[in-house]
Each structure stands twice: as C-alpha cells, then as structure tokens.
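Residue 195 in this note's numbering sits at position 195 of the sequence shown, and the numbers go up by one each step. Cβ atoms here follow ideal geometry from the backbone N, Cα and C, with glycine treated the same way. Predicted model only: the values in this text are computed from it and were never measured. Just below is one structure, and these are the notes that go with it.
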Amino acid sequence: MPTTKPLQTLWNDLWAMSFPHFCLGCHSALLRSEIEICTACRLHLPYTDHHLTQENTFYKKIAALVPIRYAAAFLYFVKKGRSQQILHHLKYQGNATLATTMGQWFGETLRQANFDAHFDLILPIPLHASKLKQRGYNQSSAFAQGLSDSLQIPWRDDCMQRVKATATQTRKSRLERWLNVASIFEITEAAQIAEKNILLVDDVVTTGATLSEGIQALLQAQAKTVSVAAIASA
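See below:
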C-alpha cells in the first residue's frame with residue numbers, strides 16, 4: 001500500500017511554493033529544509049577555521065590586549081560579501097532566527113572539535129537598554145542561544161549589563177574606539193561568574209576594544225578563564 005504524506009507536510013510544501021523564502025546570500029528560493037541561507041551559499045561562506053589553531057590571528061589580536069584562553073570567529077568579515085549581508089540582516093533587519101541559526105552552525109563546529117568540554121557558561125556582549133529598545137533584540141544573545149543549543153552549555157544574558165550608551169564604532173579611529181567603550185560594562189551576577197570558564201560572545205569584531213572591556217569586567221569578577229567567540233572578525 002503506498003504511503004501518503006502527512007497533512008502537515010503537504011500543507012508545508014504548499015505554503016513553501018506559494019510563499020517562498022529567499023536566500024539572504026544569493027536571493028534564490030530556499031528549499032523547505034534550508035534556513036535563511038541556501039546550501040550553495042553556506043558552502044561558500046568565508047569560514048575562518050580559527051577553531052583548528054589555538055593561536056590563530058583572532059586569538060593573537062585579543063590576547064595582545066587582555067588574557068584569554070581561546071578565541072574564534074565563525075566568519076571573516078568581507079566588505080560587500082556574504083558575511084556583510086548576514087551581519088546587516090542581524091543588526092538592522094531584526095533577524096533573530098538567522099543569528100540563532102548561525103550560533104547553532106558554529107556551535108556544532110566547535111562541538112566536533114571538543115570545545116564543549118572547555119566552557120561552563122556562555123554570555124553575550126550586552127546592548128545598552130536604549131539600543132536594545134531601538135533594535136528590538138540583541139543579536140549577540142540570539143547567537144549565544146544558538147551556541148548553547150549545539151554545545152549543550154547554559155547561556156545567560158543577565159550577568160553583565162552595559163551601563164554606558166556609546167556612539168557607533170563605525171568610522172572611528174582605533175583610539176576613538178577605545179575611548180568610546182571605556183568602562184561600559186558592569187557585572188550584575190558576580191556569583192554566576194566566579195570560578196567559571198566563560199565563553200563571551202559578540203557579533204563582529206574589529207579592533208577588539210568592546211570585547212576587551214567585557215573580558216576585563218569578567219576577570220575582575222573572578223572568572224576562572226574567559227574565551228571569546230564572534231560571528232565575524234574583520
């Protein structure tokens with residue numbers, strides 16, 4: 001006797017044909033099994049492979065500023081490339097699903113390299129309350145949630161807060177970036193930080209100024225070690 005598709009599956013197929021979603025990279029229609037980015041574009045994303053080498057270029061950039069254990073970005077930031085398109089959708093289009101999905105993809109990569117054994121807690125770089133209200137969500141929090149899903153490590157977004165609203169870092173010089181983010185974070189749940197191996201998460205990293213401020217705040221709160229992960233690194 002031939003099998004028939006469940007009614008829900010038939011409905012999903014009909015909905016996908018009638019209202020297709022499009023790839024954020026190449027704008028082609030997505031298959032039902034694809035999320036936000038098509039398989040072809042996923043294959044051609046500018047992956048860093050930082051997780052394969054502890055003293056990678058991203059690690060050296062941050063370790064030159066503050067003590068860290070590991071550092072890895074998922075993608076290289078390529079101007080006018082797919083990674084810039086992705087970050088634009090995350091920051092300015094409110095695409096939380098994409099941010100979480102990117103976290104899940106990167107988390108699976110890190111899990112396969114046994115990084116799940118090195119962290120106790122995942123924390124996102126927080127947005128100031130005014131920026132969070134304006135944007136509607138924190139893309140770093142959504143990315144952290146995706147990492148948590150794949151690594152099976154808890155994440156929280158209430159352990160650190162941004163107490164200073166800063167101007168955008170775009171078009172600022174290196175010195176201006178550092179002055180712009182000085183003393184902007186405050187630890188609100190120190191007991192959750194002490195003696196923990198923390199994975200601190202950001203979206204895109206250029207000079208590392210913002211990350212460094214966050215790392216220093218966590219180390220002052222007696223974190224055992226701090227590592228960093230980012231969606232993209234310039």
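When we look at the beta-carbon of residue i and count the other beta-carbons within 10 Å, is it buried (16 or more) or exposed?
i           : result
residue 87  : buried
residue 32  : exposed
residue 260 : The shown model of the chain, from 1 to 234, leaves out residue 260, and the question about it has no answer.
residue 134 : exposed
residue 163 : exposed
residue 92  : exposed
residue 22  : exposed
residue 64  : exposed
residue 165 : exposed
Kindly indicate which residue of the options has the alpha-carbon position closest to the one of residue i.
i           : options            : result
residue 217 : 230, 189, 204, 229 : 189
residue 116 : 197, 162, 40       : 197
residue 26  : 215, 45, 33        : 45
residue 159 : 210, 136, 125      : 125
residue 184 : 129, 106, 228, 149 : 129
residue 95  : 61, 37, 67, 58     : 37
residue 235 : 106, 34, 22        : Outside the shown range of the chain (1 to 234) lies residue 235, about which nothing can therefore be said.
residue 212 : 157, 148, 71, 84   : 71
residue 147 : 112, 165, 136      : 112
residue 127 : 157, 69, 220       : 157
residue 24  : 75, 81, 85         : 85
residue 191 : 137, 219, 136      : 219
Could you pull the start and end residues of the beta strand (DSSP E) that residue i belongs to?
i           : result
residue 198 : 197-205
residue 58  : That residue, residue 58, is in no beta strand (DSSP E); its alpha helix (DSSP H) goes 57-63.
What residue range is occupied by the uninterrupted alpha helix (DSSP H) comprising residue i?
i           : result
residue 225 : No alpha helix (DSSP H) contains residue 225, which is instead part of the beta strand (DSSP E) from 225-233.
residue 144 : 139-151
residue 106 : 96-112
residue 165 : No alpha helix (DSSP H) contains residue 165, which DSSP labels as neither H nor E.
residue 213 : 209-220
Report, in whole angstroms, the separation of the C-beta atoms of residue i and residue j, which I expect to be a contact under 8 Å.
i           : j           : result
residue 234 : residue 205 : 7 Å
The region 51-62 touching the region 92-101, judged by at least three CB pairs closer than 8 Å: no
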